[in-house]
Amino acid sequence: QQPVQSPQAVILREGEDAVINCSSSKALYSVHWYRQKHGEAPVFLMILLKGGEQKGHEKISASFNEKKQQSSLYLTASQLSYSGTYFCGTDPGRGFGNEKLTFGTGTRLTIIP
Amino acid sequence: DGGITQSPKYLFRKEGQNVTLSCEQNLNHDAMYWYRQDPGQGLRLIYYSQIVNDFQKGDIAEGYSVSREKKESFPLTVTSAQKNPTAFYLCASKGIGPDTEAFFGQGTRLTVV
Numbered sequence: 079q080q081p082v083q084s085p086q087a088v089i090l091r092e093g094e095d096a097v098i099n100c101s102s103s104k105a106l107y108s109v110h111w112y113r114q115k116h117g118e119a120p121v122f123l124m125i126l127l128k129g130g131e132q133k134g135h136e137k138i139s140a141s142f143n144e145k146k147q148q149s150s151l152y153l154t155a156s157q158l159s160y161s162g163t164y165f166c167g168t169d170p171g172r173g174f175g176n177e178k179l180t181f182g183t184g185t186r187l188t189i190i191p
Numbered sequence: 002d003g004g005i006t007q008s009p010k011y012l013f014r015k016e017g018q019n020v021t022l023s024c025e026q027n028l029n030h031d032a033m034y035w036y037r038q039d040p041g042q043g044l045r046l047i048y049y050s051q052i053v054n055d056f057q058k059g060d061i062a063e064g065y066s067v068s069r070e071k072k073e074s075f076p077l078t079v080t081s082a083q084k085n086p087t088a089f090y091l092c093a094s095k096g097i098g099p100d101t102e103a104f105f106g107q108g109t110r111l112t113v114v
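From first to last, the protein sequence lines are chains U and F. One rule links them: number in our numbering = place in the first sequence (from 1) + 78. One rule links them: number in our numbering = place in the second sequence (from 1) + 1.
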């Protein structure tokens, strides 16, 4: 089952902040975040691991609540280049047989000047 | 340069015909994935493979088939049994482990008429 993202869409003025949420019904080992521009391939932003380790983008931050199986992506002082659709991806854990990377429903972010 | 290549970018087929989408990667990744993207539904997992000659069904595998004869290649066949095949298809690859990022191809837009 896909993770659920909220909001589905948001429009911001340049410089405003946004929070995108991702919620899963299954236990998670890690959460991935990607951004997709229209007609292009999704691009990696960051990974959050169980235990608090993070890997990824310098100007974007995120949180991962393992107990609630939720993650949030924080976009501060948004720039026009932040426009696109954001996806969270969930990974069930380590070991062979656990490479099922499932993505969420997406959040469409539009930044206006 | 290392990367993941999908071909063709656009594909048109008549209803009732099988069609195969190509996905090749030279990143030496063990895991490969196929996703279907429809407006408002995010990225839905069709099939994934963690090792040569092995693959698992994703969440929407009905009407699709795959093979993994080589580490570099993971072709997807959309069969005539798929009731609504018109969509944007994305292929991805990643290393083993929840802390490794996925790389996506540029996608294939399939239109069945």
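Ideal placement from N, C-alpha and C gives every residue a C-beta, glycine not left out. Keep in mind that this is a model prediction, so the values were computed, not measured.
Alpha-carbon to alpha-carbon, residue j and residue i
i: E178(U); j: P81(U); result: Correcting the residue type first, residue 178(U) is Lys in the shown sequence and not Glu. Whole-angstrom Cα-Cα distance: 13 Å.
i: L28(F); j: I47(F); result: 21 Å
i: Y36(F); j: I61(F); result: 9 Å
i: S74(F); j: L127(U); result: 29 Å
i: F89(F); j: Q51(F); result: 23 Å
i: T185(U); j: P40(F); result: 11 Å
i: D169(U); j: F181(U); result: 9 Å
i: T112(F); j: K15(F); result: 9 Å
i: A155(U); j: N143(U); result: 24 Å
i: S84(U); j: C100(U); result: 7 Å
i: L106(U); j: G129(U); result: 11 Å
i: V67(F); j: D31(F); result: 15 Å
i: N54(F); j: I97(F); result: 16 Å
First through last residue of the beta strand (DSSP E) which encompasses residue i
i: E131(U); result: Element bounds for E131(U): n/a, residue is neither H nor E.
i: Q114(U); result: 108 to 114
i: D169(U); result: 162 to 169
i: T185(U); result: 185 to 190
i: T78(F); result: 77 to 79
i: E25(F); result: 20 to 26
i: K58(F); result: 55 to 58
i: Q86(U); result: Counting along the chain, Q86(U) falls outside any beta strand (DSSP E), and DSSP gives it neither H nor E.
Closest Cα partner of residue i within the set the options
i: T6(F); options: Y34(F), E63(F), I52(F); result: Y34(F)
i: Q38(F); options: G96(F), I97(F), N85(F), V114(F); result: N85(F)
i: Q107(F); options: D100(F), E16(F), L22(F); result: L22(F)
i: I189(U); options: K145(U), Y152(U), A96(U); result: A96(U)
i: A93(F); options: G59(F), E63(F), Y49(F), T78(F); result: Y49(F)
i: G17(F); options: K72(F), K58(F), Q83(F); result: Q83(F)
i: Q148(U); options: S108(U), F122(U), E94(U); result: S108(U)
i: G134(U); options: W111(U), G117(U), S102(U); result: W111(U)
i: E25(F); options: L44(F), N54(F), R69(F); result: R69(F)
i: E102(F); options: S102(U), E118(U), E94(U), Q132(U); result: Q132(U)
Whether residue i touches residue j by CB criterion (8 Å)
i: L12(F); j: T109(F); result: yes
i: L187(U); j: V88(U); result: yes
i: Q114(U); j: G167(U); result: no
i: Q57(F); j: T183(U); result: no
Buried or exposed (CB count within 10 angstroms, at least 16 for buried), residue i
i: L158(U); result: exposed
i: K146(U); result: exposed
i: P99(F); result: buried
i: P120(U); result: buried
Cβ-heavy atom distance, residue i to the ligand SAH, below 7 Å
i: L90(U); result: Summarising the ligand content, the structure contains no ligands, and the ligand SAH is consequently not present.
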